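Just so we're aligned: 158 in this note's numbering is position 158 of the sequence shown, and the numbers increase by one with no gaps anywhere.
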Amino acid sequence: MSSKVYDSAAAAVSDIATGATLAVGGFGLCGIPDALIEAVAASSTTDLEVFSNNCGVDDHGLGVLLSLGRIRRVTASYVGENKEFARQYLAGELEVELTPQGTLAERLRAGGTGIPAFFTPAGVGTPVADGGMPWRYAADGSVAIASPPKETRVFGEKRYVLEEAIIADFALVHARLGDTDGNLVFEKTAMNFNPLAAMAGRITIAQVEELVEPGAIEPGRVHLPGVFVQRVVHTGPQTKRIEKRTVRTAQGAR
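Rendered as structure tokens:
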């Protein structure tokens, strides 16, 4: 079996082609695969479709690819910290599908477990299920593409909406610890979307802060087994960016 370990982030993402779909881990700026994103940004790849909880901030995370005009479409559950995202969306330069956060998580998990679709109560009675949400605006501000209505069914006297699984060409994730077989350990909030994004990728690329040999991680500590991971890059410790810093005046200060 060939090694899963790549010498650099650039080598690991070198075959991500124009038009590819990417599932990207992270929650806010916590646990984002920043080295892999920067490697994609350094390539000529464009016209990407991204599935991620959010799109980073203007100059960090997926916001880097967005600012370069490399992303064509985004499926996300939160986009509030990125001004360029809002500008591109309202100008008709970016297609956006907003989905409930739990639904996005389950769509990624379903893709990784071979479940093609599932019913959920989230979004019933709203444009999420009924359709009509603006996916893309025209240059004049009119709606160029609107979301279609989704199938709903009643189970036990309660209505549910059908949501389809997400399977991406590639998944980019960050882990605190990994071994050369691809077994990964995530830290705290980074657990929220990294394992799910990893499961949804046909080819999953993991950047890890610490890389160890097989057997060094106790089986009970493994959060994501290596069967879901095809490539591993040792990128070293990650510097955590703060999305929004709030400070208060010290007591007694003027």
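Quick reminder that beta carbons are idealized off the backbone N, C-alpha and C, glycines included. Please read all numbers here as calculations on a predicted model, not as lab measurements.
Subject >> the segment 80-89 touching the segment 124-133, judged by at least three CB pairs closer than 8 Å >> reply: no
**OP:** Pull up the DSSP beta-bridge partners for Ala175, would you.
**Re:** In the sequence shown, the residue the question calls residue 175 occupies position 175. Answer is Val208, bridged to Ala175.
**OP:** Taking the CB atoms as reference points, tell me whether Asp58 and Glu84 lie closer together than 8 Å.
**Re:** Position 58 of the sequence shown, counted from the start, is the residue given in the question as residue 58. Position 84 of the sequence shown, counted from the start, is the residue given in the question as residue 84. Yes. Within cutoff.
**OP:** Ignore the nearest five residues each way along the sequence and tell me which others in Gly236's own chain have a CB closer than 7 Å to its CB.
**Re:** As a working note, residue 236 is residue 236 in the sequence shown. So the list reads Glu209, once near-sequence residues are dropped.
**OP:** Could you tell me if Arg231 is buried or exposed, where buried requires 16 or more neighbouring beta carbons within 10 angstroms of its beta carbon?
**Re:** One-based indexing of the sequence shown puts residue 231 at position 231. With 16 or more Cβ atoms within 10 Å of its Cβ, Arg231 is classed as buried.
Subject >> With 16 other Cβ atoms within 10 Å as the buried cut-off, status of Ala23 >> reply: Taking the first residue of the sequence shown as 1, we reach residue 23 at position 23. Label assigned to Ala23: buried.
Original post:
Roughly how many angstroms separate the alpha carbons of Ile145 and Ala250, rounded to a whole number?
Top reply: Numbered from 1 along the sequence shown, position 145 holds the residue referred to as residue 145. Numbered from 1 along the sequence shown, position 250 holds the residue referred to as residue 250. Roughly 50 Å between the two C-alpha positions.
Original post:
Rounded to whole angstroms, how far is the Cβ of Val40 from the Cβ of Leu66, which I believe are closer than 8 Å?
Top reply: For this step, residue 40 is matched to residue 40 along the sequence shown. For this step, residue 66 is matched to residue 66 along the sequence shown. 12 Å between Cβ atoms; not a contact.
**OP:** Confirm, please, whether the CB-CB distance from Ile166 to Arg72 is below 8 Å.
**Re:** On the sequence shown, residue 72 is found 72 positions in, with the first residue counted as 1. On the sequence shown, residue 166 is found 166 positions in, with the first residue counted as 1. Not closer than 8 Å, so no.
Original post:
Candidates Met199, Gly178, Ala42, Thr246: which alpha carbon is nearest Val222's?
Top reply: Residue numbering aside, residue 222 sits at position 222 when the sequence shown is read from its first letter. Answer by Cα proximity: Gly178.
Subject >> Assigned secondary structure, Arg263 (DSSP; H/G/I helix, E/B strand, else coil) >> reply: Here the chain covers residues 1 to 254 and nothing more, so residue 263 does not appear.
Original post:
Do you know offhand how far Trp135's Cα is from Ser147's?
Top reply: Within the sequence shown, residue 135 is the residue found at index 135, counting from 1. Within the sequence shown, residue 147 is the residue found at index 147, counting from 1. Roughly 6 Å between the two C-alpha positions.
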